[in-house]
Amino acid sequence: MELNFFESNDIPQPRDQIKIEKLTAAPYPDGWRVRVGVDVTPFQERPSLEINLITADDKSVAQLSVIETMHRSMEFTIHIRGIARPEGRYILRAELYYEERTQVQHQQEIQFDIG
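Sequence positions in the sequence shown follow our numbering and run 191 to 305.
Okay, structure coming up:
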């Protein structure tokens, strides 16, 4: 008798196969907060993530670090800081890495507007 604990597409993969599969951004009605969703490949070893929210003129307005996540599907709320008004175009960038932050294994980014 064979027992399967994972769906066939959810089998944990080795480190070199892990990537960001989905990145989403949904601004809250107040414009100062953004709901961020990140899905990664099912993993055997826990990856880390660096998430940055950047204005169209390349100013970082929010940053989030996730160290050795235990979850493949994550959701966060980030708060925009350091600007007078939140309206405008933004880039949400997520970087996946192991051990060394400078050795990014996979990166994904999306653009969206507030306002």
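Positions of the beta carbon are idealized from the N, C-alpha and C atoms, including for glycine. The structure presented is a predicted model; accordingly, all values stated were derived computationally and were not measured.
Contact check, residue i vs residue j, beta carbons under 9 Å
i, j, result
"leucine 282", "isoleucine 210", "no"
"valine 224", "glutamate 240", "no"
"tyrosine 218", "threonine 292", "no"
"glycine 305", "glycine 221", "yes"
Given residue i as reference, the closest of the options once Cα atoms are compared
i, options, result
"glycine 278", "Gln293, Arg262, Val251", "Val251"
"glutamine 207", "Ser263, Ile300, Pro237", "Pro237"
"arginine 205", "Val228, Val226, Thr214, Phe233", "Phe233"
"alanine 215", "Glu235, Ile270, Asp200", "Ile270"
"proline 276", "His261, Val228, Leu243", "Leu243"
Start-to-end residues for the beta strand (DSSP E) that takes in residue i
i, result
"methionine 260", "Segment: none, methionine 260 is in no beta strand (DSSP E) and carries neither H nor E."
"arginine 279", "278–287"
Bridge partner(s) assigned by DSSP for residue i
i, result
"threonine 245", "Tyr280"
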